[in-house]
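Peer 1: Mapping to my numbering: the sequence shown position 143 is 350, numbers consecutive. Supplied in structure tokens, the structure appears directly below.
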Amino acid sequence: ADLSTSHSPISPSPDSLTLIHRDFYPDQILVDHNRLWLVDLDLGCLGDPALDMGNFIAHMIEQSLRLLGDPAAMQAQAVALQRTYGALADADFSGRIEFYTLLSLVRHLHISDRILDRRPHTEAILSLCENWIGHSLGGGIVARSPLEGGL
């Protein structure tokens, strides 16, 4: 199959590509009264904005697990972020956010194994990813994600 011309259900339309951060997560936003500053723009490029939202939400899930002991502790905020941002985007946006959230959580496996004080959470992140993938089999790209009560 020629993958260069195929259109995956997770592929954004070329019209939806925009400037993205590529490492967007809560620490990349500085709050100064009524101003927000976006920092660490070295990876910025043209891409799918769902990647930034998925990465941001994955960081929220990982941080909830690591600091609060519950990956669903910030679920309401993550769902609100996904729905609010998704309402401004194309129809496939929410599915792409969930796909990138899963990919970012998988990336957190490496991060948690590499950073000593995060290692105790590696197994829980792995289990979360395995459960998410397990629920997805037979139901599309992401059938049941942590954002929809799958945590």
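Using N, Cα and C, we set each Cβ at its ideal position, and we do this for glycine too.
Using CA coordinates, which residue listed in P219, C336, L323 is at the minimum distance from R314?
Peer 2: Closest option to R314, Cα to Cα, is C336.
Peer 1: State the DSSP-derived secondary structure class of L309, mapped to helix, strand or coil.
Peer 2: Reduced to three states, the DSSP call for L309 is helix.
Peer 1: Using only the alpha-carbon positions, how far apart do R303 and H266 sit?
Peer 2: Cα-Cα distance, rounded: 16 Å.
Peer 1: Restricting to Cα atoms, I'd like to know which of T308, G341, E330, D297 is closest to P221.
Peer 2: It is D297 whose Cα lies nearest to the Cα of P221.
Peer 1: Taking buried to mean at least 16 other C-beta atoms within 10 Å of its own C-beta, is D259 buried or exposed?
Peer 2: Per the 10 Å Cβ criterion, buried.
Peer 1: On the three-state DSSP scale, how would you describe D239?
Peer 2: Correct three-state label for D239: strand.
Peer 1: Which of the three DSSP states is assigned to L248 in this structure?
Peer 2: DSSP places L248 in coil when its eight states are reduced to three.
Peer 1: Please report the straight-line C-alpha distance between L149 and H317, rounded to a whole angstrom.
Peer 2: Since the first residue shown for the chain is 208 and the last is 358, residue 149 is missing from the structure and cannot be characterised.
Peer 1: Count the other C-beta atoms from every protein chain shown that fall within 10 angstroms of the C-beta of L295, then say buried if there are 16 or more, exposed otherwise.
Peer 2: Looking at its Cβ environment, which holds fewer than 16 other Cβ atoms inside 10 Å, L295 is exposed.
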